[in-house]
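*Asks:*
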Amino acid sequence: MNSRPIPPRPVALLGATGTVGQRFCAMLADHPWFRLERLFASSRSAGKSYGEAVRWLDSTPCPEHLRAIAVEEATPSAMGKLAEQGISVVFSALDAAAAKELELACAAGGANVFSNASSHRMNPHVPLVVPEVNGDHLALMQSQNWRHADATGQPSSGSIVTNPNCSTIGLTLALAPLRQAFGLRRVQLVSLQALSGAGLVDGEPLRLENNIVPFISGEEEKLASESRKILGTLVEDESPHIEQADLVVSATCTRVPVVDGHTLCVSVELEQPATAQELKNCWVNFKASPQELNLPSAPQPLVHVLEDTDAPQPALQRDLGKGMAISVGRLRPEALYGESDLANSSARRSWKFVTLSHNLIRGAAGGSLLNAELALATDRI
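So the mapping is simple: this note's numbering equals the position in the sequence shown, first residue as 1, plus 153.
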């Protein structure tokens with residue numbers, strides 16, 4: 154239980170007008186630890202009030218007090234000055250192209266950046282964090298050594314912490330309890346990813362009717378590489394680093410006509426045999442430091458195990474735990490890895506299940522917010 158009082162601190166948001174940026178605004182509107190004071194976007198929005206600049210798409214109304222805030226242009230110069238202006242925490246909903254330079258400028262200036270962008274995820278010095286899975290990887294924040302862009306070239310106290318891909322977050326939350334209890338050898342999955350995961354196309358949400366698209370650029374590679382880093386081991390020596398997990402992950406990623414919520418159809422091979430009930434108990438009882446510290450955004454419980462034969466479904470379960478929990482269902486034996494006995498009651502290594510997470514909340518803004526809460530609660534910022 155986190156009993157230490159944490160006074161609210163001012164924060165900034167980069168990419169404030171986009172789909173994920175809007176979710177950040179909604180979640181930060183009444184956050185007990187973070188007070189959203191600065192909003193940044195592209196030059197197209199700069200100088201306008203947030204209410205004028207944003208085409209609000211979230212189901213909850215735009216927070217009234219944010220509508221009057223003037224949107225600022227996100228430039229390297231402005232980013233480098235945030236820390237000296239009293240902004241030590243910056244949330245980034247930028248696209249990857251813009252994030253690479255702008256997030257570095259924030260960190261070099263001394264700010265702590267909690268990012269959703271892919272630009273720095275696989276940098277060996279940057280933690281790629283799902284708090285309940287690998288919160289200890291936040292230790293890498295202290296070993297980062299971003300240099301100021303000015304002539305001094307002095308190291309800064311800033312840091313970058315990244316979110317994984319939105320599908321990777323849901324996958325690793327489902328895998329981590331199994332790996333902890335029984336070990337994992339390999340994973341095969343098909344993702345059914347929501348339209349909102351594609352962001353805005355020419356300022357409009359992606360539309361898809363009477364069709365699916367069996368390809369999402371870069372997603373399959375991200376699911377494999379990011380999962381190995383997240384499930385890897387922190388090695389704290391003279392040069393702290395992550396020793397990646399020895400795990401085979403094979404993914405097929407598809408876009409489907411669902412507004413929010415990524416569904417994954419997963420097959421796993423465990424190192425140690427387990428019964429169906431043992432796997433369910435493992436998920437139901439799983440908790441980690443965010444739950445133990447009672448962080449503001451931590452879901453209680455984290456994993457909902459559903460017994461209905463047709464669950465989970467995005468329209469019904471994506472908002473569990475205010476969108477921060479995941480759900481698991483349709484657990485059944487898997488014959489793919491050579492086990493022929495398909496009795497649910499028997500202990501076996503091969504299983505398959507379906508898991509669901511909210512891609513814009515747990516998979517994006519909420520996941521990044523929980524990263525920052527854990528870093529603050531554990532005195533890393």
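The C-beta atom is built at its ideal place from N, Cα and C for all residues, glycine as well.
By Cβ distance below 7 Å, which residues in the same chain neighbour leucine 235 in space, the five residues on each side in sequence not counted?
*Replies:* Same-chain partners within the cutoff: Ala165, Val243, Cys259, Gly262 and Ala264.
*Asks:* Would you kindly work out how many angstroms separate the C-alpha atoms of alanine 179 and proline 358, rounded to a whole number?
*Replies:* One C-alpha to the other measures close to 18 Å.
*Asks:* Can you list, in chain order, the residues of its chain whose CB lies under 8 Å from that of glycine 224, leaving out five sequence neighbours each side?
*Replies:* First, the residue type needs correcting, since residue 224 is valine and not glycine in the sequence shown. So the qualifying residues of the chain are Ala169, Thr170, Leu192, Phe193, Ala194, Ser198, Ala199, Gly200, Lys201, Ser202, Tyr203 and Ala206.
*Asks:* For valine 279, which option in Gly491, Phe267 and Cys435 has the closest C-alpha, if you only look at C-alpha atoms?
*Replies:* Checked all of Gly491, Phe267 and Cys435; the closest Cα to valine 279 is Phe267.
*Asks:* Glycine 519: buried (16+ other C-beta within 10 angstroms of its C-beta) or exposed?
*Replies:* Glycine 519 should be labelled buried.
*Asks:* Express the C-alpha separation of valine 412 and alanine 585 in angstroms, rounding to a whole number.
*Replies:* Within the shown structure, residues of the chain are numbered from 154 to 534, placing residue 585 beyond reach of any answer.
*Asks:* Using beta-carbon positions only, say whether valine 283 and leucine 417 come within less than 8 Å of one another.
*Replies:* Their beta carbons are not under 8 Å apart, which means valine 283 does not touch leucine 417 by this criterion.
*Asks:* Taking 8 Å as the threshold (C-beta atoms), are cysteine 215 and proline 330 in contact?
*Replies:* In this structure, cysteine 215 does not lie closer than 8 Å to proline 330 by Cβ.
*Asks:* Under 8 Å between the Cβ atoms of arginine 188 and arginine 220?
*Replies:* Not in contact: arginine 188 and arginine 220 (Cβ atoms no closer than 8 Å).
*Asks:* Can you tell me which of the three DSSP states asparagine 287 falls into?
*Replies:* Helix, per DSSP.
*Asks:* Quick check on histidine 511: buried or exposed, where buried means 16 or more other Cβ atoms within 10 Å of its Cβ?
*Replies:* The residue is buried, with at least 16 neighbouring Cβ atoms inside 10 Å.
*Asks:* Taking the beta carbon of alanine 304 as the centre, do at least 16 other beta carbons fall within 10 Å, making it buried, or is it exposed?
*Replies:* The predicted position of alanine 304 is uncertain, since its pLDDT is 46 and thus under 50; a value taken from the coordinates is nonetheless stated next. The residue in question, alanine 304, is exposed, as its Cβ has fewer than 16 Cβ neighbours within 10 Å.
*Asks:* Could you tell me whether the segment 389-408 touches the segment 368-380, using the rule of 3 or more Cβ pairs below 8 Å?
*Replies:* Contact between the segment 389-408 and the segment 368-380 is present, because at least three Cβ pairs lie under 8 Å.
*Asks:* Across which residues does DSSP place lysine 505 in a beta bridge pair?
*Replies:* Bridge partners of lysine 505: Ser420 and Arg485.
*Asks:* Can you tell me which of the three DSSP states alanine 270 falls into?
*Replies:* Looking at alanine 270 - three-state DSSP - the assignment turns out to be coil, as it is neither helix nor strand.
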